[in-house]
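Chains as they are written, first to last, in my numbering: chain X, 51 to 156; chain U, 27 to 250.
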């Protein structure tokens, strides 16, 4: 719902009425399931001027950077350990996103 | 056709209000925590015990989140602690807006130094919503199994402390405390872990000591 409010605000701001495509970014560490989001989007736009718009979901994997050796790696099973030096001090670089990236509209 | 770049967080509005809440609480010298767990892990019991142990040391108030009823707030009030119930209707979590609306009530209470927000029982969505708290505290109970941190990593990753409650049930389950701690620390090596039993009263002094020092340290930090 918050997502569609932002979309509507942006459409008004840019003076467009017909949404063609919406691109969002969903991190692995969020509580958002891409398939469920796709389903909700379709239900939401049905019967509105946005009907027929495509939702493109870019998934951001959970990535970490080792504080000790600077290795960037995929955090499999959310585990916080560097595969190169086995250090446990890791900064998460991606995976927490829930962003509206862009839209195409006319 | 217009290509419009937006790059806006879906939760940006929530996070903005959470930031305001944090500033308002800090400005009044109130330390705040957000307790998150699945339903029935013992959050309310832990708060009741905490109220007893902190009596005379630190004045606290509680904001209770539930889908329905104000049963939990009533339980807390019996200990002489001001409590405000928020019923979320169908929402499975509290958001910063809910808490924002409860702040005028909180600021009417006398001499409050600690705010405990008890979130709706749910380990998924509450992990995502910043309410403006200083610390997120995850609670899990022995009856839930020692693999809980691996199944709900987002919450354990977002929390600073973990309470493993109902340790009095250990003899009756195959829960392995060492494995539970290991699982939680693999997800988040920074977690401070406490083992408590509200029925036996064990581990709660350590938890309250930690809470007191966290609140005390925050009070000494310069107010922004």
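Ideal Cβ placement from N, Cα and C applies to all residues, glycine included. Please read all numbers here as calculations on a predicted model, not as lab measurements.
Taking 8 Å as the upper bound for CB-CB distance, residue 193 (chain U) and residue 165 (chain U) are not in contact here, some 12 Å apart. Membership of residue 58 (chain U) in the beta strand (DSSP E) is indicated by the continuous run 57–63. Measuring C-alpha to C-alpha distances from residue 107 (chain X) to each of X:61, X:134, X:65 and X:89 identifies X:89 as the nearest.
The stretch 87–99 of chain U makes contact with the stretch 113–127 of chain U, as at least three CB pairs between them are under 8 Å. If you check each beta-carbon in the stretch 164–194 of chain U against every beta-carbon of chain X, the ones closer than 8 Å belong to 176, 179, 180 and 183. Under the criterion of beta carbons closer than 8 Å, residue 105 (chain X) and residue 72 (chain X) qualify as touching, at roughly 5 Å.
Along the stretch 90–112 of chain U, there is no position whose C-beta sits under 8 Å from a C-beta of chain X. In this structure, residue 60 (chain U) places its C-beta atom within 8 Å of the C-beta atom of residue 145 (chain U). Between the stretch 177–188 of chain U and the stretch 144–159 of chain U, the count of Cβ pairs shorter than 8 Å is three or higher; the stretches touch. In its own chain, leaving out the 5 sequence neighbours on each side, no residue places its CB closer than 7 Å to the CB of residue 55 (chain X). Here the stretch 96–115 of chain U lies against the stretch 75–82 of chain U, with 3 or more beta-carbon pairs under 8 Å apart.
According to the DSSP assignment, residue 127 (chain U) belongs to the alpha helix (DSSP H) that extends over 122–134. Not one beta carbon of chain U lies nearer than 8 Å to the beta carbon of residue 93 (chain X). Taking a C-beta cut-off of 9 Å against chain X, the contacting residues of the stretch 36–47 of chain U are 36, 37, 38, 39 and 40, listed in chain order. Taking a Cβ-Cβ threshold of 8 Å, none of the residues of chain X is close to residue 122 (chain U); the smallest such distance is about 12 Å. Under the three-state reduction of DSSP output, residue 191 (chain U) falls in the strand class. Per DSSP, the beta bridge partners of residue 152 (chain X) are X:73 and U:31. Residue 213 (chain U) belongs to the set of residues whose beta carbon lies under 8 Å from a beta carbon in chain X.
Taking a cut-off of 8 Å on C-beta distances, the stretch 127–142 of chain X does not touch the stretch 29–42 of chain U, as fewer than three cross pairs fall below it. If you check the CB distance, residue 118 (chain X) and residue 139 (chain X) come in under 8 Å. In terms of Cβ geometry, residue 151 (chain X) and residue 74 (chain X) form a close pair [threshold 8 Å]. For residue 57 (chain X), the uninterrupted alpha helix (DSSP H) segment begins and ends at 52–63. Taking the beta carbon of residue 156 (chain U) as reference, no residue of chain X falls within 8 Å; the closest one sits roughly 12 Å away.
Shown here for residue 137 (chain X): same chain residues with a beta carbon closer than 7 Å to its own, the five before and five after excluded, namely 116, 117, 118 and 119 in chain order. When DSSP states are grouped into helix, strand and coil, residue 128 (chain X) belongs to the helix group.
By the neighbour-count definition (other C-beta atoms within 10 Å, threshold 16), residue 210 (chain U) is a buried residue.
Counting along the chain, the unbroken alpha helix (DSSP H) around residue 76 (chain U) starts and ends at 69–80.
For residue 211 (chain U), the uninterrupted alpha helix (DSSP H) segment begins and ends at 203–213. Going by beta carbons, residue 128 (chain U) and residue 142 (chain U) fall outside the 8 Å limit.
Across the structure, residue 109 (chain U) and residue 99 (chain U) are spaced so that their CA atoms are roughly 5 Å apart. From the beta-carbon of residue 60 (chain X), the residues of chain U found nearer than 9 Å are 30, 32 and 34. CA-CA distance, residue 221 (chain U) to residue 39 (chain U), rounds to 36 Å.
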